[in-house]
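What follows is one structure encoded as structure tokens, with my remarks underneath.
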Amino acid sequence: MKDQRFKIAHREALIGIGLVIVNFAIWFGFAYGLGSGDPANYTYVFGFPAWFFYSCIAGTGFMIILIWVVLKLFFKEVPFDDEEVDQ
Amino acid sequence: MHWQVIVPLLLFLVIIFGIGIWSNKHIRSSNSFLQEYFLGGREMGGFILAMTMIATYGSASSFIGGPGVAYTKGLGWVLLAMAQLPAGYFVLMIFRKKFAIIARRYQAITLIDFLRERYKSHVIVILSAISIIVFLFSAMMAQWVGGARLIESLTGLNYTTALFIFAFSVLVYVIIGGFRAVALTDAVQGSIMVIGTIILLIGTVIAGGGIDNIMASLVAENPNLVSPFGAEGELTPLYVSTFWILIGIGVVGLPQIAVRAMSYKDSRSMHLAIIIGTIAIGTIMFGMHLIGVLARPVLPGIEIGDKVMPLLTLKVLPPFLAGIVLAAPMAATMSTVNALLMLVSSTVVKDIYLNYIKPTANDTEIKRASFIVTAVIGLVVIIFALNPPDLLVWLNLFAFGGLEAVFIWTVVLGLYWKKANKYGAIVSMISGMTLYIIIDRFYPSVFGMHTVTIPIVASFFIFVIVSLLTSHKFKEEKLFI
Numbered sequence: 058m059k060d061q062r063f064k065i066a067h068r069e070a071l072i073g074i075g076l077v078i079v080n081f082a083i084w085f086g087f088a089y090g091l092g093s094g095d096p097a098n099y100t101y102v103f104g105f106p107a108w109f110f111y112s113c114i115a116g117t118g119f120m121i122i123l124i125w126v127v128l129k130l131f132f133k134e135v136p137f138d139d140e141e142v143d144q
Numbered sequence: 006m007h008w009q010v011i012v013p014l015l016l017f018l019v020i021i022f023g024i025g026i027w028s029n030k031h032i033r034s035s036n037s038f039l040q041e042y043f044l045g046g047r048e049m050g051g052f053i054l055a056m057t058m059i060a061t062y063g064s065a066s067s068f069i070g071g072p073g074v075a076y077t078k079g080l081g082w083v084l085l086a087m088a089q090l091p092a093g094y095f096v097l098m099i100f101r102k103k104f105a106i107i108a109r110r111y112q113a114i115t116l117i118d119f120l121r122e123r124y125k126s127h128v129i130v131i132l133s134a135i136s137i138i139v140f141l142f143s144a145m146m147a148q149w150v151g152g153a154r155l156i157e158s159l160t161g162l163n164y165t166t167a168l169f170i171f172a173f174s175v176l177v178y179v180i181i182g183g184f185r186a187v188a189l190t191d192a193v194q195g196s197i198m199v200i201g202t203i204i205l206l207i208g209t210v211i212a213g214g215g216i217d218n219i220m221a222s223l224v225a226e227n228p229n230l231v232s233p234f235g236a237e238g239e240l241t242p243l244y245v246s247t248f249w250i251l252i253g254i255g256v257v258g259l260p261q262i263a264v265r266a267m268s269y270k271d272s273r274s275m276h277l278a279i280i281i282g283t284i285a286i287g288t289i290m291f292g293m294h295l296i297g298v299l300a301r302p303v304l305p306g307i308e309i310g311d312k313v314m315p316l317l318t319l320k321v322l323p324p325f326l327a328g329i330v331l332a333a334p335m336a337a338t339m340s341t342v343n344a345l346l347m348l349v350s351s352t353v354v355k356d357i358y359l360n361y362i363k364p365t366a367n368d369t370e371i372k373r374a375s376f377i378v379t380a381v382i383g384l385v386v387i388i389f390a391l392n393p394p395d396l397l398v399w400l401n402l403f404a405f406g407g408l409e410a411v412f413i414w415t416v417v418l419g420l421y422w423k424k425a426n427k428y429g430a431i432v433s434m435i436s437g438m439t440l441y442i443i444i445d446r447f448y449p450s451v452f453g454m455h456t457v458t459i460p461i462v463a464s465f466f467i468f469v470i471v472s473l474l475t476s477h478k479f480k481e482e483k484l485f486i
């Protein structure tokens, strides 16, 4: 018997990996993309250096929204106990 | 003595004790002592589990050590700290359903129970038990020291007295209340951590005369403080991105976190936990480390990093608010230490005592053993903590990395790869731990990468190769994965 719940679980684990990759790209990309120059030439957003604002503040906010959307759209609720499945 | 500060702290302790006593009632009325004491009867809802996860994860180093390092290194350290964001969602997404289902099917109470059923190997059980005991013991010591230092700096008591006060408070509620007390106090402590972070962040920004002002004085002092590379340019992209493995995704391999994925009530509470956990961990990690950086112009010239956070709080906040905020690192420390204590004692009781010493033990004997073991471990840690090392962060991270190197593939591949077998697991655990210790001791940053990178990558390939080479021995076995 192939447990259907595991299929769901596997797909959701893969989504988790996808989210981590997106997370890393935003965090790392903005930090070193915008932050690599001379600190004297930084631009500032709301008082923070631009790299820091996009990587650590906006990026984090974006991830939280993305995770929420992904949970709503793709994650299924399944029972944990075996008995509930057999019934 | 700052009495106005101490009153909120005492209130906090009273609440925590109350929860311990209340949980003890559940333990007395429960028909399965083990399930109740070590997993809280698997009844935890989303909010509580999100909070226990982040409270366990957020430790003294997030509140005391971390901001201290941020103080010296600048915004680059905040960037590094934000690598921890995935800890809020990744672990749950990976373990979520599958682990919860299998753990229930196996009636597993500890992570080692799962490994024992999955691999059917005594060597794995013993290796896991040893690494949990050794590494978590050192992590616990770091937390004890952190808690004691904190009380020391708040009350002016000497270190030893502070240590005993702190350790006694934790030991009492953990020993009498078990996992339910740990999870519920974690929920209180996690909330205090989030609220305390926000209050202190606002207070610091106001004290520093606004973000623009603070950034300008940082640039005036050393422009590198606002770069992603750290004050001395030591945070290279390679180091930072490999550090991500340690504190972001490698967290999957931490037993004290993984075991929390076994105690969920249903998958609905898991979904809720993912989102709450991510928001909470984002707020705490971002807030506390940023506070460390902002503290530099507000409170210049602090030489011991661990003192930045307590001193700053006392300086920028009115005493009563300071008391609430200073309860946050106390909470963080207590909640980490209680999880570790619970895990080490469940390892000793369930995985060693019940497996190898006395398999026939009845409920009364198990109960007695659990109380005694928890108490003894707690006391031994206190003795070790009497002579504390200097910087908490590193000691704590040493334990993190070691456990990750040992467990990550054994758990993850055991869960998701049919061909994973005990030979692969054993060789990978041993080589992961050996490599980690050797690299940490002798070559701390190979090619500028964080210590944990090579052990984790190498133990993955070793696991896969050995499992494939020995797969012919496991043809007939049926697996639940």
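Sequence order for the protein chains is A and B.
Count the first sequence with my numbering and you get residues 58 to 144, in order.
Count the second sequence with my numbering and you get residues 6 to 486, in order.
The beta carbon of each residue, even a glycine, is placed where N, CA and C say it ideally should be.
Note that the structure is a prediction, hence the values are computed from the model and not measured.
Quick one: residues in its chain with C-beta nearer than 8 Å to the C-beta of residue 98 of chain A, no 5 flanking neighbours on either side, listed in chain order? none
Compile a chain-ordered list of the residues in the region 404 to 415 of chain B whose CB is closer than 7 Å to at least one CB of chain A. none
Rank B:312, B:321, B:138 by C-alpha distance to the C-alpha of residue 211 of chain B and give the top, closest one. B:321
Buried or exposed by the 16-neighbour rule on C-beta atoms within 10 Å, applied to residue 229 of chain B: buried
Suppose the cutoff is 7 Å on Cβ atoms and the five residues either side in sequence are ignored; what does the same chain contact list for residue 302 of chain B look like? 213, 219, 222, 223
Backbone secondary structure at residue 269 of chain B - three-state DSSP: strand
So, at 7 Å on beta carbons, what are the nonlocal neighbours of residue 179 of chain B in its own chain, with the 5 sequence-adjacent residues on each side left out? 186, 187, 343, 346, 347, 379
With distance defined between alpha-carbon atoms, name the residue in B:410, B:454, B:455 nearest to residue 467 of chain B. B:410
Between residue 128 of chain A and chain B, is the shortest Cβ-Cβ distance under 7 Å, so that the two count as touching? yes
Between A:78, A:68, A:107, which lies nearest to residue 89 of chain A when the distance is taken from Cα to Cα? A:107
Distance check for residue 76 of chain A and residue 189 of chain B, CA to CA, integer angstroms please. 29 Å
Chain B within 7 Å of residue 79 of chain A, Cβ atoms only: no
Cα-Cα separation between residue 29 of chain B and residue 282 of chain B, rounded to whole angstroms: 27 Å
Let me know if residue 124 of chain B comes out buried or exposed under the rule of 16 or more other beta-carbons within 10 Å of its beta-carbon. buried
Using a Cβ cut-off of 7 Å (strictly closer), state whether residue 73 of chain A contacts chain B. yes
Check the Cβ of residue 62 of chain A against every Cβ in chain B and list those closer than 7 Å, keeping chain order. 102, 106
Here's a check: name, in chain order, each residue in its chain whose Cβ is nearer than 7 Å to the Cβ of residue 108 of chain B, leaving out the five neighbours to either side. 119, 267
Cβ of residue 398 of chain B within 7 Å of any chain A Cβ: Residue placement at residue 398 of chain B is flagged as unreliable, the pLDDT there being 49, under the threshold of 50; a coordinate-derived value is accordingly withheld.
Could you check whether the region 431 to 445 of chain B touches the region 453 to 470 of chain B, counting it as contact only if at least three pairs of C-beta atoms, one from each stretch, sit closer than 8 Å? yes
So, is residue 240 of chain B buried or exposed, given that buried needs 16 or more other C-beta atoms within 10 angstroms? buried
Quick one: give me the first and last residue of the alpha helix (DSSP H) that residue 83 of chain A is part of. 61 to 92
Which residues does DSSP list as the beta-bridge partners of residue 101 of chain A? A:106
Closer than 7 Å by C-beta to residue 101 of chain A: which residues in its own chain qualify, once you throw out the five before and the five after it? Chain order, please. 107
Rounded to a whole number of angstroms, what is the C-alpha to C-alpha distance between residue 58 of chain B and residue 60 of chain A? 28 Å
Using a Cβ-Cβ distance under 7 Å, would residue 82 of chain A count as near chain B? no
Label residue 78 of chain A either buried or exposed according to how many other C-beta atoms from any shown protein chain fall within 10 Å of its C-beta, with 16 as the threshold for buried. exposed
Taking Cβ-Cβ distances shorter than 8 Å, what residues in chain A pair up with residue 283 of chain B? 120, 121, 124
Where are the alpha helix (DSSP H) runs, 4 residues long or more, that stay fully inside the region 21 to 66 of chain B, in chain order? 38 to 44, 51 to 62
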